[in-house]
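Quick note, in the numbering used here, the sequence shown goes up one by one and the last residue is 393. Note that the Cβ used here is the ideal one computed from N, Cα and C, for glycine as well.
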Amino acid sequence: MTGAAELFESTANGAPAGIWSAPGRVNLIGEHTDYNDGFVLPFAIQQRTHVALGTREDGRIRVVSTFDADAVEVGLAELEALFPARRSDVPEWATYPLGVAWALLRATGTDPASVTGVDLAIASDVPIGAGLSSSAAIEGAVAAALNDTWRLGLDRVALAQVGRTAENEAVGAPTGIMDQMASMLGRADAAIFLDCRSLEASVIDLGFADAGLQLVVIDTGVKHSHATGGYGERRASCERGAAIMGVPALRDVSVADLPRAEQLMDDETFRRVRHIVTENQRVLDTVTALREHGPRSIGDLLLASHASMRDDFEISVAELDTAVEAAMAAGAVGARMTGGGFGGAAIALVAHADVRRVMDAAAAAFAASGFAAPTMFTVVPSAGAGREA
Ligand code: GLA
Numbered sequence: 005m006t007g008a009a010e011l012f013e014s015t016a017n018g019a020p021a022g023i024w025s026a027p028g029r030v031n032l033i034g035e036h037t038d039y040n041d042g043f044v045l046p047f048a049i050q051q052r053t054h055v056a057l058g059t060r061e062d063g064r065i066r067v068v069s070t071f072d073a074d075a076v077e078v079g080l081a082e083l084e085a086l087f088p089a090r091r092s093d094v095p096e097w098a099t100y101p102l103g104v105a106w107a108l109l110r111a112t113g114t115d116p117a118s119v120t121g122v123d124l125a126i127a128s129d130v131p132i133g134a135g136l137s138s139s140a141a142i143e144g145a146v147a148a149a150l151n152d153t154w155r156l157g158l159d160r161v162a163l164a165q166v167g168r169t170a171e172n173e174a175v176g177a178p179t180g181i182m183d184q185m186a187s188m189l190g191r192a193d194a195a196i197f198l199d200c201r202s203l204e205a206s207v208i209d210l211g212f213a214d215a216g217l218q219l220v221v222i223d224t225g226v227k228h229s230h231a232t233g234g235y236g237e238r239r240a241s242c243e244r245g246a247a248i249m250g251v252p253a254l255r256d257v258s259v260a261d262l263p264r265a266e267q268l269m270d271d272e273t274f275r276r277v278r279h280i281v282t283e284n285q286r287v288l289d290t291v292t293a294l295r296e297h298g299p300r301s302i303g304d305l306l307l308a309s310h311a312s313m314r315d316d317f318e319i320s321v322a323e324l325d326t327a328v329e330a331a332m333a334a335g336a337v338g339a340r341m342t343g344g345g346f347g348g349a350a351i352a353l354v355a356h357a358d359v360r361r362v363m364d365a366a367a368a369a370f371a372a373s374g375f376a377a378p379t380m381f382t383v384v385p386s387a388g389a390g391r392e393a
């Protein structure tokens with residue numbers, strides 16, 4: 005049982021017709037590069053969101069979840085009136101599944117009267133607000149379930165785009181495509197090297213286990229939201245920088261162009277641009293290093309990425325810096341904050357024998373700084389969204 009099946013059985017009639025799931029993700033490297041048409045290297049993790057689905061005859065969609073005691077139910081024909089401006093009586097968690105249903109119908113030009121009503125029960129073990137894409141996991145699982153049930157025939161890339169539309173337009177977070185693509189395309193023991201302009205994806209072997217390494221997540225517990233504040237401001241700075249450079253996106257600016265960029269823009273915009281440009285290069289360098297020398301060779305790239313986010317993009321927080329420093333001092337191969345920033349989690353690549361030491365060191369450093377204790381666990385690169393039963 006997945007939790008979703010039990011929730012379904014206790015809230016709807018009978019057993020579900022099927023169960024689908026989608027994972028959260030960790031981004032190994034390539035932060036804030038996705039909406040700049042650049043490169044990212046995320047992998048799906050073992051923590052997943054499960055959706056149990058049953059059909060119903062009345063053309064309505066009803067969602068229940070482990071996030072909230074109350075069910076939310078609307079007619080499929082009413083979805084068009086709910087979004088993009090979310091009606092205030094729809095609780096935030098429900099905008100993810102209902103937003104996916106809305107975006108899926110719209111993307112495929114499907115008349116809501118032509119598809120069956122559904123009951124959805126959603127259960128997730130992806131930590132919320134940790135920067136591990138709990139939202140993309142909900143979107144991916146619901147998109148896969150409805151795509152199959154409604155026989156819409158969308159492929160995984162199209163389903164990732166539906167998830168992003170829900171996130172951008174129904175939830176209102178101006179995010180890129182990375183999280184949904186990672187959740188859809190993930191593979192065991194591998195990362196997804198994604199070109200966010202062409203959406204071309206390649207599978208890159210990580211080989212953590214063979215190299216005797218583990219990936220430790222240090223969740224600071226500092227909550228963030230990308231629907232408000234800093235994330236959108238960073239995105240606006242990047243767009244300003246691209247306009248000043250006369251290119252469609254910062255993807256089109258190279259490291260060699262940076263001296264010219266520095267002449268043309270104010271210091272803050274330049275530092276935002278420098279993060280994106282150097283981070284894109286670090287993703288390419290990481291892919292080369294993984295292919296040629298294996299995962300023990302990427303530590304310096306992870307650290308350089310963190311320093312760039314801390315100093316140039318300014319999206320780190322004291323807890324994330326403390327986690328990275330403590331992990332490195334305890335012998336990690338490399339470490340950086342992961343995800344959108346302003347809170348969430350850091351990752352550390354650690355030799356198997358040092359995992360306990362790194363976790364103890366991070367816990368001690370947090371205590372010494374007066375921060376609340378972090379939540380720590382290891383993650384395993386895992387498969388993407390799909391039908392479970
Ligand atoms: C969040 C967004 C992604 C990406 C990252 C930063 O996770 O959802 O699209 O921009 O932040 O790399």
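Practice problem: In the DSSP assignment, find the unbroken alpha helix (DSSP H) run with residue 274 in it and report its ends. | Solution: Counting from one through the sequence shown, the residue named residue 274 turns up at place 270. Where residue 274 is concerned, the enclosing alpha helix (DSSP H) stretches over 271 to 297.
Quiz prompt | Any heavy atom of the ligand GLA within less than 5 Å of residue CB: hits in chain order | solution = 35, 36, 38, 179, 180, 182, 183, 343, 344
Self-check item: In chain order, each beta strand (DSSP E) run of at least 3 residues that lies wholly inside the segment 170 to 232
Solution: 194 to 199, 204 to 209, 217 to 223
Quiz item: Quick one, are the C-beta atoms of residue 47 and residue 195 less than 9 Å apart?
Solution: Counting from one through the sequence shown, the residue named residue 47 turns up at place 43. Counting from one through the sequence shown, the residue named residue 195 turns up at place 191. Contact flag set, yes.
Quiz item: Any idea if residue 5 is buried or exposed, counting beta-carbon neighbours within 10 angstroms, 16 or more meaning buried?
Solution: Along the sequence shown, read from residue 1 onward, the residue named residue 5 stands at position 1. Interpretation of residue 5 is limited by its pLDDT of 47, a score under 50 that renders its predicted location unreliable; the figure taken from the coordinates is listed afterwards. The residue is exposed, with fewer than 16 neighbouring Cβ atoms inside 10 Å.
Exercise. Locate the alpha helix (DSSP H) running through residue 254, then write down its first and last residues.
Key: The residue labelled residue 254 in the question sits at position 250 within the sequence shown. Counting along the chain, residue 254 falls outside any alpha helix (DSSP H), and DSSP gives it neither H nor E.
Practice problem: Measure from the C-beta of residue 80 to each C-beta in chain B and report whether the shortest distance is under 9 Å. | Solution: Annotation note: the requested chain B is absent from the structure, which comprises a single protein chain.
Quiz prompt | Nearest candidate by alpha-carbon position, reference residue 77, set 105, 53, 51 | solution = Indexing the sequence shown from 1 puts residue 77 at position 73. For the residues 105, 53, 51, the minimum Cα distance to residue 77 belongs to 105.
Quiz prompt | Residues near residue 16 in its chain [Cβ-Cβ closer than 6 Å; skip 5 each side] | solution = Locating residue 16 in the sequence shown gives position 12, counting from the first residue. Here the set comprises 58, 123.
Practice problem: With DSSP as the reference, label residue 5 as helix, strand or coil. | Solution: Numbered from 1 along the sequence shown, position 1 holds the residue referred to as residue 5. Only weak support is given to the placement of residue 5: the predicted model assigns it a pLDDT of 47, under 50, and the question is left unresolved by the model.
Quiz item: Alpha carbon to alpha carbon, how far is residue 92 from residue 81?
Solution: Looking up residue 92 in the sequence shown gives position 88. Looking up residue 81 in the sequence shown gives position 77. The straight-line gap from Cα to Cα measures roughly 18 Å.
Self-check item: Alpha-carbon to alpha-carbon, residue 200 and residue 291
Solution: Counting from one through the sequence shown, the residue named residue 291 turns up at place 287. Counting from one through the sequence shown, the residue named residue 200 turns up at place 196. Straight-line Cα distance between these residues: approximately 15 Å.
Exercise. Starting from the Cα of residue 268, find the closest Cα among 372, 246, 364, 393 and give me that residue.
Key: Within the sequence shown, numbered from 1, the residue matching residue 268 stands at position 264. Comparing Cα positions, the closest option is 246.
Practice problem: Have a look at residue 197 and residue 289 and give me their C-alpha separation to the nearest angstrom. | Solution: On the sequence shown, position 193 is the one that residue 197 refers to. On the sequence shown, position 285 is the one that residue 289 refers to. In a straight line, the C-alpha of residue 197 is about 12 Å away from that of residue 289.
Quiz item: Which value, in whole angstroms, describes the spacing of the CA atoms of residue 203 and residue 169?
Solution: Counting from 1 along the sequence shown, the entry for residue 203 is found at position 199. Counting from 1 along the sequence shown, the entry for residue 169 is found at position 165. Their Cα atoms are separated by approximately 15 Å.
Practice problem: Any chance you could list the beta strand (DSSP E) runs of at least 3 consecutive residues sitting entirely within the segment 111 to 144, in chain order? | Solution: 121 to 128
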